[in-house]
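Number of protein chains: 2
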Amino acid sequence: MIDASGKNAVDPKVIKEKEVAFAQFIQDRGLKTTKQRNTIISVFFAMRGHISVEELLVEVKRANPKIGYATVYRTLHLLVESELVQERRFGDGLARYEGHSGVEHHNHMICLECGNISEFSNPSLVKFQGQLAEENNFKIYRHRLELYGACKDEKACQLRKKKKAAHAHGGG
Amino acid sequence: MIDASGKNAVDPKVIKEKEVAFAQFIQDRGLKTTKQRNTIISVFFAMRGHISVEELLVEVKRANPKIGYATVYRTLHLLVESELVQERRFGDGLARYEGHSGVEHHNHMICLECGNISEFSNPSLVKFQGQLAEENNFKIYRHRLELYGACKDEKACQLRKKKKAAHAHGGG
DNA sequence: TCTTTTACGAAATATGTTTTCAATTTGTGT
DNA sequence: ACACAAATTGAAAACATATTTCGTAAAAGA
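So the sequence lines, in the order shown, correspond to chains A and B. Quick note on the numbering used here: the first sequence kicks off at 1 and runs consecutively. Quick note on the numbering used here: the second sequence kicks off at 173 and runs consecutively.
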């Protein structure tokens, strides 16, 4: 959801940066700039969090109802190839896309109550994984650490849960 | 693949144990014992590793060609519910099932070259994750750590790769 | 502008999994 | 052993997510 209140909106400068970087990628690849792609990536980078194709499509259609989901899929693949965006799968069967990762290789905590996905990263953990790999005669290309559980702050959690439910009913 | 050479075969006692445990689960749930289910779980527990539905189905059909994949799926779900088996997904789009985990909550290293999946577990890592959760005000129910990369022993890796390719062509 | 290449949208297809449904099998009471 | 209700099966259809196809449209370069 694009935050219309401006409260939690993504800094327009950041969005611009990403747009420029993607334009560069498109050019380097000898691909073409199109209105649809521009729309999709602008909408995408204006969103926060771990966005499913479905969620993105809804917002994209708000901007231009004629854009189909094939184009959204195709553009997301390009975003992943450009390394501006990472694809994630948290086991609910859908791919999610993340374009505003603060830290390069971070991990996730997924609250099974309210659905909140938060990121963390820890240098010791990275070192630790390196050791483990060493011990096991393994060369790490990438890793994936996910902690599934619940927010300890139950109030905040319940609040998010309600918000999410309201959102699911189209309460916007 | 069921190891016919006996070299790396699962101890029949272990298989028996699992069969008994599953029978118990079936009874506790008020479900019925069937030949198909017995066949499927026997075949499954005679196999090692992280088994896909496809792989299991091939072996099951060897024992009884009339068993369909719906039944295999259904039985796997029961096995997961009984907690005798865990479902895993390593990002290649298929669910894999693991019935002989030595350690309760272990992690995985996935070689992207030869496809080998090995397990490891480390008490310090568990402690570490607990700390991380504490810092982030989070209660862990379960976790998932996967290291994707390559075997450092390239010879062994290449060997496994070839073996796998041969197997894929029906070389058995 | 003309031409070539690339991208688009809608629909078809692919893939992995789940569900439906009529027929069969199992467990239980007699 | 027999009948009955409930559960299970296999084949096919449905499902959900993702990808590909194909005719049309749009973009970049000559």
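For every residue, glycine included, the Cβ atom is placed at its ideal position computed from N, Cα and C.
What do you reckon, are the CB atoms on residue i and residue j nearer than 8 angstroms?
| i | j | result |
| --- | --- | --- |
| G271 of chain B | L256 of chain B | yes |
| H222 of chain B | I289 of chain B | yes |
| I198 of chain B | I239 of chain B | no |
| C286 of chain B | R234 of chain B | no |
| S52 of chain A | L94 of chain A | yes |
Buried or exposed: which applies to residue i, given that a residue is buried once 16 or more other Cβ atoms fall within 10 Å of its Cβ?
| i | result |
| --- | --- |
| N180 of chain B | exposed |
| L304 of chain B | buried |
| Q158 of chain A | exposed |
| H315 of chain B | buried |
| E17 of chain A | exposed |
| L76 of chain A | buried |
| K334 of chain B | exposed |
| H341 of chain B | Confidence is the limiting factor: at H341 of chain B the pLDDT is only 47, short of 50, which leaves the residue's position unreliable, though a coordinate-based value still follows. With fewer than 16 Cβ atoms within 10 Å of its Cβ, H341 of chain B is classed as exposed. |
| L317 of chain B | buried |
| Q129 of chain A | buried |
| V244 of chain B | buried |
Taking residue i as the reference, give the member of the options with the closest Cα.
| i | options | result |
| --- | --- | --- |
| R37 of chain A | A:L56, A:D92, A:H50 and A:R48 | A:L56 |
| A150 of chain A | A:H108, A:D11, A:Y69 and A:V10 | A:H108 |
| Q86 of chain A | A:G93, A:G30 and A:G102 | A:G102 |
| P184 of chain B | B:L266, B:V215 and B:G202 | B:V215 |
| E253 of chain B | B:F194, B:D325, B:Y320 and B:K327 | B:F194 |
| L319 of chain B | A:N136, A:Y148 and A:D153 | A:N136 |
| Y269 of chain B | B:K233, B:F310 and B:E226 | B:E226 |
| H105 of chain A | A:V126, A:V10 and A:D92 | A:V126 |
| E306 of chain B | A:F138, A:V58, A:G93 and A:D153 | A:D153 |
| L257 of chain A | A:N122, A:G91 and A:S124 | Look at the range of chain A in this structure, 1 to 172, and you will see that residue 257 of chain A is not part of it. |
| F166 of chain B | B:T206, B:T205, B:E231 and B:K207 | An answer regarding residue 166 of chain B cannot be provided, because it is not within the stretch 173 to 344 covered by chain B. |
| V182 of chain B | B:T205, B:R220 and B:Q196 | B:R220 |
| G246 of chain B | B:I282, B:R261 and B:L203 | The residue you asked about is not Gly; residue 246 of chain B is Arg in the sequence shown. Ranking the options by Cα distance to R246 of chain B, first place goes to B:L203. |
Just verifying my parser: in three-state terms, what is the DSSP assignment at residue i?
| i | result |
| --- | --- |
| E98 of chain A | strand |
| F300 of chain B | helix |
| G172 of chain A | Interpretation of G172 of chain A is limited by its pLDDT of 32, a score under 50 that renders its predicted location unreliable; the figure taken from the coordinates is listed afterwards. Three-state result, G172 of chain A: coil. |
| R48 of chain A | coil |
| R201 of chain B | coil |
| E87 of chain A | strand |
| N107 of chain A | strand |
| L159 of chain A | helix |
| A181 of chain B | coil |
| N122 of chain A | coil |
| M1 of chain A | Reliability fails at M1 of chain A, whose pLDDT of 49 lies under 50, so the model's placement of it is uncertain and no value is given. |
| T39 of chain A | helix |
| K66 of chain A | coil |
Counting along the chain, where does the beta strand (DSSP E) carrying residue i start and finish?
| i | result |
| --- | --- |
| G115 of chain A | It is not in any beta strand (DSSP E) - G115 of chain A carries neither H nor E in the DSSP assignment. |
| R316 of chain B | F310 to C323 |
I'd like the span of the alpha helix (DSSP H) that includes residue i, first residue to last.
| i | result |
| --- | --- |
| H77 of chain A | Y69 to E81 |
| E226 of chain B | V225 to A235 |
Would the C-beta of residue i count as close to the ligand FAD, meaning under 7 angstroms from any of its heavy atoms?
| i | result |
| --- | --- |
| L125 of chain A | Although the ligand FAD was asked about, the structure shown includes no ligands whatsoever. |
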